[in-house]
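Before any comments, here is the structure.
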Amino acid sequence: SSIFAAVEMAPRDPILGLNESFNADTRDFKVNLGVGVYFNDEGKIPLLAAVKAAEKARLETQPPRGYQAIEGNPAYNAGVQNLLFGLDSELTAAGRVVTAQALGGTGALRIGGDFLYRLNPNATVYISNPSWENHRAIFEAAGFKVADYPYYDAATRGVDFVAMKANLLTLQPGSVIILHACCHNPTGADLSDAQWAEVVEVCRERGLVPFLDMAYQGFAEGIAEDSVAVNAFAASGLQFLISSSFSKSFSLYGERVGALSVITASKEESSRVLSQLKRVIRTNYSNPPIHGGAVVAAVLASPELRAMWEEELGGMRVRIRSMRSGLVEKLAARGVAQDFSFVTAQRGMFSYTGLTADQVEKLQTEYGIYAVSTGRICLAALNNKNIDYVADAIAKVL
Ligand code: PLP
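Here the UniProt record's numbering is used: the first residue of the sequence shown is 3, the next is one more, and so on.
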């Protein structure tokens with residue numbers, strides 16, 4: 003018999019699986035609110051003008067395609083550090099930040115997971131309840147036991163910070179805690195500045211290993227404004243990790259542009275940490291691809307392109323906000339009694355709408371509107387052509 007006869011069918015990825023169903027749907031009018039991708043008002047994934055300009059300049063030089071260093075493009079890694087910590091950061095000046103280019107935020111999380119697992123395989127990784135679906139899978143694949151900490155409170159549609167903090171205070175020293183640096187996925191509910199300061203102190207007190215996931219910098223308030231969590235940890239003197247993703251903020255999803263940064267205690271420690279990250283990378287994919295990192299590095303290094311990018315990112319942010327308020331108004335205009343104003347308070351691409359799995363199912367079967375069964379919708383997939391249709395359908399299934 004076949005050597006693969008015993009292979010079982012793996013479950014479909016919940017979100018990418020939804021995409022497959024959407025693509026197979028033959029209805030003329032259908033809307034995909036499932037996937038975490040920003041579409042413009044024409045329903046297209048934008049190619050940012052700053053990216054286009056950087057790509058054009060790059061291709062004109064016809065650069066050679068040799069291997070990159072294991073940790074990637076030095077200009078890119080420096081750009082990531084500057085974006086995270088600012089140009090005059092004490093951390094980077096002290097050599098306390100090690101950055102490795104990674105295959106998207108996912109790749110950064112996995113390199114970090116593999117690195118941490120070698121350091122302490124008995125640690126448990128804690129993710130928020132709920133969290134991005136892939137967090138659990140990534141850290142389990144790295145070998146860790148994964149559990150969750152209380153986060154979302156459906157009653158207030160915000161963070162149950164009292165429960166979260168009480169829980170973190172009970173964790174074993176060395177536990178890894180995954181924190182969404184801004185624009186929490188899937189709930190859109192973030193911690194306040196004061197709460198971040200408390201989380202930092204809890205991590206210090208309990209000896210936790212903070213791992214910040216920064217996948218949506220610029221989508222809440224702006225590049226600098228969305229750095230509150232990073233800044234709080236940077237000022238703490240603690241060691242921590244950050245995964246960066248530029249998939250959404252540069253609209254470069256398929257180029258797989260991300261980075262892992264590890265903040266160490268000293269320059270000497272940094273060199274040992276880097277040597278281990280390189281080992282993880284070398285045995286996975288050897289070294290990262292060139293193009294996406296080079297483009298992002300060029301945009302971040304040029305004052306003109308950087309300003310252009312921030313403006314375009316601002317445009318995405320504003321459009322998502324207008325879709326949030328539009329949806330709330332349109333639901334009210336359709337006589338929906340339930341107060342949906344919380345949708346405008348949530349940050350980032352997503353809203354946890356409170357729609358039940360049954361209602362989500364109905365949206366799909368009866369209206370061709372695809373959402374995650376948890377009720378998460380991506381506001382960035384709404385546009386002026388489909389928002390009325392979506393509001394009609396939601397009003398009907400409620
Ligand atoms: N982390 C969170 C919270 C995300 O939502 C995502 C993407 O959806 C990622 C990480 C991974 O991003 P990337 O596509 O760059 O791997």
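Ideal Cβ positions, reconstructed from N, Cα and C, are used throughout, including at glycine. Everything numeric in this text was worked out from a predicted model, so none of it was measured.
Would the segment 298–305 count as touching the segment 356–363 if we require 3 or more Cβ pairs under 8 Å? Of all C-beta pairs linking the segment 298–305 to the segment 356–363, fewer than three are shorter than 8 Å, placing the two stretches out of contact.
Tell me whether residue 193 sits in a helix, a strand or coil according to DSSP, three-state version. Residue 193 falls in the coil class under three-state DSSP.
Using 7 Å as the cut-off, classify the Cβ of residue 153 as near or not near the heavy atoms of the ligand PLP, replying yes or no. In this structure, the ligand PLP has no non-hydrogen atom nearer than 7 Å to the beta-carbon of residue 153.
Restricting to runs no shorter than 3 residues, where is the beta strand (DSSP E) found entirely within the segment 129–206? List check, beta strand (DSSP E) in window: 147–152 and 178–182.
With DSSP collapsed to three states, give me the class of residue 284. In the structure shown, residue 284 falls within a helical segment according to DSSP collapsed to helix, strand and coil.
Count the other C-beta atoms from every protein chain shown that fall within 10 angstroms of the C-beta of residue 129, then say buried if there are 16 or more, exposed otherwise. Within 10 angstroms of the beta-carbon of residue 129 lie 16 or more other beta-carbons, which makes it buried.
Contact between the segment 159–176 and the segment 247–256: three or more CB pairs below 8 Å? Note that the segment 159–176 does not touch the segment 247–256; fewer than 3 beta-carbon pairs, one per stretch, sit closer than 8 Å.
Can you list, in chain order, the stretches of the beta strand (DSSP E) that have 3 or more residues and sit fully within the segment 65–132? Here the runs fully enclosed are 99–105 and 126–131.
Start and end of the beta strand (DSSP E) containing residue 243? Start and end: 242–247.
Inter-residue Cα distance where the pair is residue 138 and residue 148: C-alpha separation (whole angstroms): 6 Å.
Return yes when at least one heavy atom of the ligand PLP lies under 7 Å from the C-beta of residue 247, else no. Residue 247: yes, Cβ under 7 Å from the ligand PLP.
Buried or exposed by the 16-neighbour rule on C-beta atoms within 10 Å, applied to residue 115: Classification of residue 115: buried, given that the 10 Å Cβ count is 16 or more.
Helix, strand or coil: which one does DSSP assign to residue 261? The three-state reading of DSSP puts residue 261 in strand, counting E and B together.
Just to confirm my understanding: we take residue 101, look at its own chain, exclude 5 residues before and 5 after, and list those with CB closer than 6 Å. What are they? Within the same chain, and ignoring the five residues on either side of residue 101 in sequence, the residues whose Cβ sits closer than 6 Å to its Cβ are 79, 82, 83, 261 and 263.
Proximal residues to residue 327 (C-beta, below 6 Å), its chain only, five neighbours per side dropped: Cβ within range, chain order: 346.
Residues of its chain near residue 374, where Cβ-Cβ distance is below 6 Å and the 5 sequence neighbours each way are ignored: The answer, listed in chain order, is 36.
Does the distance from the C-beta atom of residue 160 to that of residue 199 stay below 8 Å? By the CB criterion at 8 Å, residue 160 and residue 199 fall outside the cutoff.
Excluding sequence positions up to five away, which residues of its chain have a Cβ less than 8 Å from the Cβ of residue 397? Sequence-distant partners of residue 397 (beyond 5 residues in either direction) whose C-beta falls short of 8 Å from its own C-beta, in its chain, are 333, 336, 337 and 338.
Hey, is residue 122 close to the ligand PLP, as in C-beta under 7 Å from one of its heavy atoms? Residue side-chain check: residue 122 keeps its Cβ at 7 Å or more from all non-hydrogen atoms of the ligand PLP.
Inter-stretch contact (C-beta, 8 Å, three-pair minimum) for the segment 13–30 and the segment 368–385: Yes: the two stretches touch, three or more of their Cβ pairs being nearer than 8 Å.
Report the three-state DSSP secondary structure of residue 379 (helix, strand or coil). In this structure, residue 379 counts as strand in the three-state DSSP scheme.
Look at the Cβ atom of residue 99, then the Cβ atom of residue 87, and state whether they are nearer than 8 Å. Contact flag set, yes.
Cβ neighbours of residue 344 in the same chain (closer than 6 Å, five flanking residues each side left out): Taken in chain order, the residues that qualify are 159.
Residues that residue 216 bridges to, as DSSP identifies them: 246.
Could you check if residue 272 is buried or exposed, using at least 16 other CB atoms within 10 Å of its CB as the buried criterion? By the neighbour-count criterion, in which a residue is buried when 16 or more other Cβ atoms sit within 10 angstroms of its Cβ, residue 272 is buried.
Closest Cβ-Cβ distance between residue 129 and chain D: below 8 Å? Of the chains in the structure shown, none is chain D; there is only one protein chain.
Validate contact between the segment 285–299 and the segment 66–79 using beta carbons, cut 8 Å, 3 pairs: At 8 Å Cβ cutoff, the stretches touch.
Identify whether residue 34 lies in helix, strand or coil by the three-state DSSP scheme. If DSSP states are grouped into helix, strand and coil, residue 34 belongs with the strands.
I want to check one thing, is the minimum distance from the CB of residue 182 to the heavy atoms of the ligand PLP below 7 Å? Under cutoff, so the answer is yes.
Cutoff 6 Å; reference residue 311; Cβ partners in own chain excluding five residues on either side: Answer for residue 311: 52 and 301, listed in chain order.
Do you know how far the Cα of residue 119 is from the Cα of residue 143? Using only the alpha carbons, I get a separation of about 10 Å.
When you compare the CB positions of residue 210 and residue 244, do they come within less than 8 Å of one another, or not? No. Outside cutoff.
Do you know how far the Cα of residue 41 is from the Cα of residue 50? So the alpha carbons of these two residues sit roughly 12 Å apart.
Look at residue 189 and residue 354 and say whether their C-beta atoms are less than 8 Å apart. Yes, they are a contact pair.
Return the Cβ separation of residue 221 and residue 319 in integer angstroms, given the expectation that the two are a contact with Cβ distance under 8 Å. Contact check for residue 221 and residue 319: beta-carbon distance about 6 Å, within the 8 Å limit, so the pair qualifies.
Rounded to whole angstroms, what is the Cα-Cα separation between residue 384 and residue 45? Rounded to the nearest angstrom, the two C-alpha atoms are 8 Å apart.
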